[in-house]
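Here the structure comes first, spelled out in structure tokens, and everything after it is commentary.
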Amino acid sequence: FAAVVDRCLARDPQGRFGFVNEAICRALGRPADAVLGRTAGELLAGDGGARLAALHAEVLRDGGVVSWEGELATDLGRRGFLCTAGPLREADGRVSGSFGVLHDITERRRDEERQRHWAKAFESTRDGVVICDAGTRILSINRAFTDITGYAAEEAIGQTPALLHSGRHDAAFYRE
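Numbered by the working numbering, the letters in the sequence shown go through residues 55 to 230 in order.
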């Protein structure tokens with residue numbers, strides 16, 4: 055079990071980092087003293103720094119919480135992040151900067167892409183495919199299954215493969 059640690063930060067009104075946690079430093083491949091006092095634009099390649107600066111500016115302007123999902127290029131490579139930023143407020147309610155939390159979604163994106171590929175293969179094969187749960191209840195079928203058996207998804211899902219028993223064979227046939 056690996057602990058998931060989000061990257062947390064705080065910025066002053068000019069966008070300079072005033073606080074970063076160790077996860078931010080690891081993602082940037084730099085120690086805290088090389089990050090503090092600098093802006094995202096100074097630390098991130100490509101348009102990532104500009105995008106984070108725009109989130110910061112939006113928080114300062116509107117005083118609300120904003121989110122963005124995208125890729126950022128760091129010294130460790132390109133990673134997908136879900137970024138959430140919100141206002142840091144003084145006791146009188148005045149916005150004095152922004153906080154940010156960056157959640158790495160790179161693996162989730164890879165998993166979603168793999169699932170899309172599997173779904174394409176599932177639907178495009180000419181073989182009838184049935185996916186069942188541990189109790190042998192049908193969870194999903196592909197189009198070829200419907201073409202071969204005549205059973206539509208609405209008829210098959212929730213049933214067991216016994217749905218396909220013809221009544222012409224005995225139990226020994228099905229055990230084999």
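Virtual Cβ for every residue (Gly too), placed ideally from N, Cα, C.
On a predicted model such as this, the values are computed, not experimentally measured, just so you know.
- The beta carbon of N196 sits closer than 6 Å to the beta carbons of F176, E177 and V183 from its chain, once the five residues preceding and following it are set aside; these are given in chain order.
- From the listed residues S152, G124, G140 and V89, the smallest Cα separation to Q68 is found for S152.
- Looking from the CA of R115, the closest CA among L97, G140 and G103 belongs to G140.
- Judged by their CB atoms, V120 and C62 are not nearer to each other than the 7 Å cut-off.
- C-alpha of G134 to C-alpha of A173: approximately 23 Å in a straight line.
- In the DSSP assignment, T200 falls within the unbroken alpha helix (DSSP H) covering R197 to T203.
- Counting the other Cβ atoms within 10 Å of the Cβ of I192 gives 16 or more, which makes it buried.
- Unbroken alpha helix (DSSP H) runs of no fewer than 4 residues, entirely contained in the stretch 123-167, are not found.
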